[in-house]
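Asker: Here the protein sequences line up with chains A and B, keeping their order. Start counting at 1 in the first sequence, then tack on 5, and there's your number in my numbering. Start counting at 1 in the second sequence, then tack on 4, and there's your number in my numbering.
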Amino acid sequence: MSEPGSLLRVNNVEVIYDHVILVLKGVSLAVPEGGIVALLGANGAGKTTTLKAISNLLRAERGEVTKGSVEFRGERVDRLSPSDLVRRGVVQVMEGRHVFQHLTVEENLLTGAFTRRDGRGGIARDLEHVYLHFPRLKERRYAQAGYTSGGEQQMIAIGRALMSRPKLILLDEPSMGLAPQLVEEIFEITRSLNREEGLAVLLAEQNANIALRFAGYGYILESGRVVLDGPAAALRQNADVKEFYLGLGGEGRKSYRDVKHYKRRKRWLA
Amino acid sequence: MHILYAILIGPFVTMAREPAFLIEVLIGGLLAGVMYSLVALGFVLIYKASGVFNYAQGTMVLFAALTFVGMLEAGLPVLLSLIAVIAVMIVLAFAVERVVLRPLVNQSEIILFMSTLGISYFLVGLGQILWGGDVHPLDIGIPSGPLTVHGILINQLDLYAAIVAGTLVVALALFFQKTRVGRALRAVADDHQAAMSVGIPLKQIWVVTWAIAGLVALAAGIMWGASLGVQFSLALVALKALPVLILGGFTSIPGAIVGGLIVGAAEKLGEVFWGPVIGSGVEDWFAYILALIFLLFRPQGLFGERIIERV
Ligand SMILES: Nc1ncnc2c1ncn2[C@@H]1O[C@H](COP(=O)(O)OP(=O)(O)OP(=O)(O)O)[C@@H](O)[C@H]1O
Ligand SMILES: [Mg+2]
Numbered sequence: 006m007s008e009p010g011s012l013l014r015v016n017n018v019e020v021i022y023d024h025v026i027l028v029l030k031g032v033s034l035a036v037p038e039g040g041i042v043a044l045l046g047a048n049g050a051g052k053t054t055t056l057k058a059i060s061n062l063l064r065a066e067r068g069e070v071t072k073g074s075v076e077f078r079g080e081r082v083d084r085l086s087p088s089d090l091v092r093r094g095v096v097q098v099m100e101g102r103h104v105f106q107h108l109t110v111e112e113n114l115l116t117g118a119f120t121r122r123d124g125r126g127g128i129a130r131d132l133e134h135v136y137l138h139f140p141r142l143k144e145r146r147y148a149q150a151g152y153t154s155g156g157e158q159q160m161i162a163i164g165r166a167l168m169s170r171p172k173l174i175l176l177d178e179p180s181m182g183l184a185p186q187l188v189e190e191i192f193e194i195t196r197s198l199n200r201e202e203g204l205a206v207l208l209a210e211q212n213a214n215i216a217l218r219f220a221g222y223g224y225i226l227e228s229g230r231v232v233l234d235g236p237a238a239a240l241r242q243n244a245d246v247k248e249f250y251l252g253l254g255g256e257g258r259k260s261y262r263d264v265k266h267y268k269r270r271k272r273w274l275a
Numbered sequence: 005m006h007i008l009y010a011i012l013i014g015p016f017v018t019m020a021r022e023p024a025f026l027i028e029v030l031i032g033g034l035l036a037g038v039m040y041s042l043v044a045l046g047f048v049l050i051y052k053a054s055g056v057f058n059y060a061q062g063t064m065v066l067f068a069a070l071t072f073v074g075m076l077e078a079g080l081p082v083l084l085s086l087i088a089v090i091a092v093m094i095v096l097a098f099a100v101e102r103v104v105l106r107p108l109v110n111q112s113e114i115i116l117f118m119s120t121l122g123i124s125y126f127l128v129g130l131g132q133i134l135w136g137g138d139v140h141p142l143d144i145g146i147p148s149g150p151l152t153v154h155g156i157l158i159n160q161l162d163l164y165a166a167i168v169a170g171t172l173v174v175a176l177a178l179f180f181q182k183t184r185v186g187r188a189l190r191a192v193a194d195d196h197q198a199a200m201s202v203g204i205p206l207k208q209i210w211v212v213t214w215a216i217a218g219l220v221a222l223a224a225g226i227m228w229g230a231s232l233g234v235q236f237s238l239a240l241v242a243l244k245a246l247p248v249l250i251l252g253g254f255t256s257i258p259g260a261i262v263g264g265l266i267v268g269a270a271e272k273l274g275e276v277f278w279g280p281v282i283g284s285g286v287e288d289w290f291a292y293i294l295a296l297i298f299l300l301f302r303p304q305g306l307f308g309e310r311i312i313e314r315v
């Protein structure tokens with residue numbers, strides 16, 4: 006069922022935390038080579054869990070993929086360690102940024118190159134490259150990361166991930182807690198990385214508005230299930246998405262599930 | 005009245021009257037303190053990198069010294085013995101990661117702490133089986149007589165110990181600041197989840213940390229063994245590291261170093277100048293009183309790492 010050009014495929018993945026808490030109930034999605042794909046959903050829908058199931062950071066949180074598989078460039082990767090995945094080109098930028106507070110900005114970026122074996126020259130070149138995309142980080146390169154602003158920390162987190170030379174970056178809520186212009190700036194930079202370097206992006210966002218403007222395709226997650234997916238342009242026009250995720254609807258916000266329920270009943274009656 | 009004078013003022017009068025003697029005691033104390041710093045440093049390294057309070061640090065000092073002596077007694081030359089013990093400590097680090105840390109990943113701090121109690125008993129037992137329970141004299145060729153500098157007596161062994169410890173500390177500082185692995189160690193200490201997310205393998209980092217802690221223990225064990233003989237009471241050195249940690253803060257490398265120096269100097273001064281008044285043996289408990297005072301007034305220690313909070 007592998008479509009041509011699929012860089013990442015998540016097939017029917019189920020995730021259980023602490024051996025009992027079922028959080029993902031069979032999620033499937035795909036990211037094409039060089040694409041930007043949005044994963045949307047409300048708090049607790051399972052966006053972070055999906056990303057961690059891919060990057061395998063789950064295990065450190067007592068989470069486990071109990072069903073399904075993850076394929077990267079056609080190979081099963083769901084048993085690899087996070088370190089192996091980074092080496093193959095899949096890196097996650099965690100929600101809440103998580104910079105190394107006591108390291109300088111530049112040291113933070115350099116930790117991103119830990120898995121690389123191609124010598125100092127290549128790493129130095131990529132460092133300059135990151136500074137080219139984030140000139141603000143260059144100005145602050147010797148500052149302690151803990152004292153930089155929220156926007157700068159998000160840039161550090163993305164820049165740090167770029168230092169591993171990824172093919173696919175898993176971005177978890179880059180917009181969280183940032184002012185609108187800054188969010189715009191960070192998304193613009195991400196898009197230029199995508200266009201100029203073919204970096205594929207899987208973007209988990211609550212902010213559907215901006216995510217659907219930058220992504221090519223989107224999945225909507227609710228309670229651990231994909232309830233809707235389609236090209237971003239189509240999702241933007243979808244009445245339910247407009248109402249529940251883009252805040253364009255008339256009446257008060259309901260859950261997407263209610264709509265489904267209502268539709269299901271209609272179908273049942275028909 | 006008289007007793008108050010003897011405690012509060014008398015000792016200072018004695019100090020002022022004999023400044024050369026005061027300096028001598030102070031230097032002796034600082035040099036002894038370097039050893040405390042070294043043991044405390046082992047604790048801090050492991051605590052920072054893996055959040056484990058390693059009760060076995062003291063036993064590692066003993067085990068390293070015992071193994072070293074054992075090899076010397078078996079007729080190996082000094083350098084070869086040293087290399088062999090270093091290898092043993094590295095193997096120990098791998099074993100700890102594989103047998104203890106890896107299966108216990110995600111467990112609470114107290115469980116990890118208890119597992120280090122287990123490591124401690126295991127090492128004591130192993131040491132005893134391999135090398136017996138006697139006191140082994142350790143002669144590494146450092147002359148033990150005192151040295152006179154400007155009329156001040158300095159114990160040569162203490163001096164050598166301080167030089168070795170100082171070199172080790174500088175080497176470690178360079179390693180942490182300047183190398184790829186050192187940077188990764190600091191990253192893990194800061195935020196282990198983020199470190200994993202950029203592909204730093206925690207297991208490797210734990211092995212490196214325990215190996216470094218093992219080397220630090222070895223240095224402390226050899227120096228201490230050379231002055232006291234290698235015996236099971238060496239493991240108790242770890243108990244002295246506890247007040248050092250409270251003084252310096254559990255997460256601070258400079259704190260461990262400065263804390264050790266303070267404790268070393270303070271207890272020597274206490275012993276020499278207050279001992280005659282309140283009875284000797286001050287050296288044995290003074291550090292704990294100092295730690296207690298710190299717990300009351302500055303529980304994060306002198307250098308307890310500041311939590312960065314931006315507003
Ligand atoms: N370590 C954990 N142990 C147990 N349950 C967890 C754990 N992490 C997450 N969960 C649960 O899994 C569900 C999905 O969480 P997840 O963090 O994936 O959601 P999210 O879509 O990223 O939400 P948000 O937008 O708030 O970040 C939530 O109900 C959450 O309570
Ligand atoms: Mg999340």
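Don't be surprised by glycine CBs; every beta carbon is placed ideally from N, CA and C. Predicted model only: the values in this text are computed from it and were never measured.
What residues match up with residue 159 of chain B in a beta bridge as DSSP calls it?
Answerer: According to DSSP, which records beta bridges pairwise, residue 159 of chain B is partnered with B:150.
Asker: Counting only Cβ pairs nearer than 8 angstroms, list the residues of chain A close to residue 378 of chain B.
Answerer: Missing from the structure shown is residue 378 of chain B; chain B here goes from 5 to 315 and no further.
Asker: I need the boundaries of the alpha helix (DSSP H) containing residue 111 of chain B, first residue and last residue.
Answerer: Taken as a continuous stretch (DSSP letters only), residue 111 of chain B belongs to no alpha helix (DSSP H), as it is neither H nor E.
Asker: Could you tell me which of B:98, B:183, B:16, B:255 sits nearest to residue 193 of chain B, measuring between CA atoms?
Answerer: Residue B:255 is the option with its Cα nearest to residue 193 of chain B.
Asker: What first and last residue would you give for the alpha helix (DSSP H) that runs through residue 97 of chain A?
Answerer: That residue, residue 97 of chain A, is in no alpha helix (DSSP H); its beta strand (DSSP E) goes 95-98.
Asker: Would you call the segment 124-144 of chain B and the segment 167-186 of chain B touching, i.e. three or more CB-CB distances under 8 angstroms?
Answerer: Counting Cβ pairs under 8 angstroms, fewer than three are found: no touch.
Asker: Among B:143, B:217, B:91, whose alpha-carbon lies nearest the alpha-carbon of residue 57 of chain B?
Answerer: Minimum Cα distance to residue 57 of chain B is reached at B:217.
Asker: Which two residues bound the contiguous alpha helix (DSSP H) that contains residue 140 of chain A?
Answerer: 140-144 is the span of the alpha helix (DSSP H), which, as asked, contains residue 140 of chain A.
Asker: Does DSSP classify residue 234 of chain A as helix, strand or coil?
Answerer: Of the three classes helix, strand and coil, the one that applies to residue 234 of chain A here is strand, per DSSP.
Asker: Thinking C-alpha only, which one of B:110, B:205, B:168, B:162 is nearest residue 117 of chain A?
Answerer: Among B:110, B:205, B:168, B:162, the Cα nearest to that of residue 117 of chain A is on B:205.
Asker: Would you verify that the beta carbon of residue 48 of chain A is, or is not, closer than 9 angstroms to some beta carbon of chain B?
Answerer: False, the Cβ-Cβ gap to chain B never drops below 9 angstroms.
Asker: Residues in the segment 114-132 of chain A with C-beta within 7 angstroms of chain B's C-beta atoms, listed in sequence order?
Answerer: The residues in question are 115, 116, 117, 119, 120.
Asker: Name, please, each residue of chain B whose Cβ falls closer than 7 angstroms to the Cβ of residue 91 of chain A.
Answerer: Chain B residues near residue 91 of chain A: 202, 203.
Asker: Is residue 110 of chain A close to chain B, meaning its C-beta is less than 9 angstroms from at least one C-beta of that chain?
Answerer: Taking Cβ atoms only, chain B never reaches closer than 9 angstroms to residue 110 of chain A, which makes this a no.
Asker: Just jot down, in chain order, the residues whose CB lies closer than 7 angstroms to any heavy atom of ligand 2.
Answerer: Spelled out in chain order, the answer is A:52, A:53, A:100, A:177, A:178, A:209.
Asker: Name the chain B residues whose beta carbon is nearer than 8 angstroms to that of residue 96 of chain A?
Answerer: Result: 201, 202, 203.
Asker: CA-CA distance, residue 18 of chain B and residue 271 of chain B?
Answerer: Rounded to the nearest angstrom, the two C-alpha atoms are 17 angstroms apart.
Asker: Excluding five sequence neighbours on each side, which residues of the same chain lie with their C-beta closer than 6 angstroms to the C-beta of residue 233 of chain A?
Answerer: The residues are 225.
Asker: Measuring only the C-alpha atoms, how far is residue 33 of chain A from residue 69 of chain B?
Answerer: Straight-line Cα distance between these residues: approximately 58 angstroms.
Asker: Can you name the residues of chain A whose CB is closer than 7 angstroms to the CB of residue 188 of chain B?
Answerer: In chain order: 116, 119.
Asker: Among A:181, A:207, A:187, which one has its Cα closest to the Cα of residue 172 of chain A?
Answerer: When each option's Cα is compared against that of residue 172 of chain A, the closest is A:207.
Asker: Taking only the alpha-carbon atoms, compute the straight-line gap between residue 100 of chain A and residue 60 of chain A and give it to the nearest angstrom.
Answerer: Answer to the nearest angstrom: the Cα atoms are 13 angstroms apart.
Asker: Does the Cβ of residue 283 of chain B have 16 or more other Cβ atoms within 10 Å, making it buried, or fewer, making it exposed?
Answerer: Per the 10 Å Cβ criterion, exposed.
Asker: Checking the sheet assignment: what are the DSSP bridge partners for residue 292 of chain B?
Answerer: DSSP lists no partner for residue 292 of chain B.
Asker: Using a 10 Å radius around the Cβ and a threshold of 16 neighbouring Cβ atoms, would you call residue 301 of chain B buried or exposed?
Answerer: The residue is exposed, with fewer than 16 neighbouring Cβ atoms inside 10 Å.
Asker: As a quick exercise: from B:160, B:155, B:156, B:152, pick the residue whose alpha carbon is nearest that of residue 146 of chain B.
Answerer: Closest by alpha carbon: B:160.
Asker: Since I believe residue 80 of chain B is in contact with residue 88 of chain B (beta carbons under 8 angstroms), could you give me their beta-carbon distance rounded to a whole number of angstroms?
Answerer: Rounded, the Cβ-Cβ distance is 7 angstroms, consistent with contact.
Asker: Does DSSP classify residue 22 of chain B as helix, strand or coil?
Answerer: In the structure shown, residue 22 of chain B sits in coil (DSSP, three-state: anything other than H, G, I, E or B).
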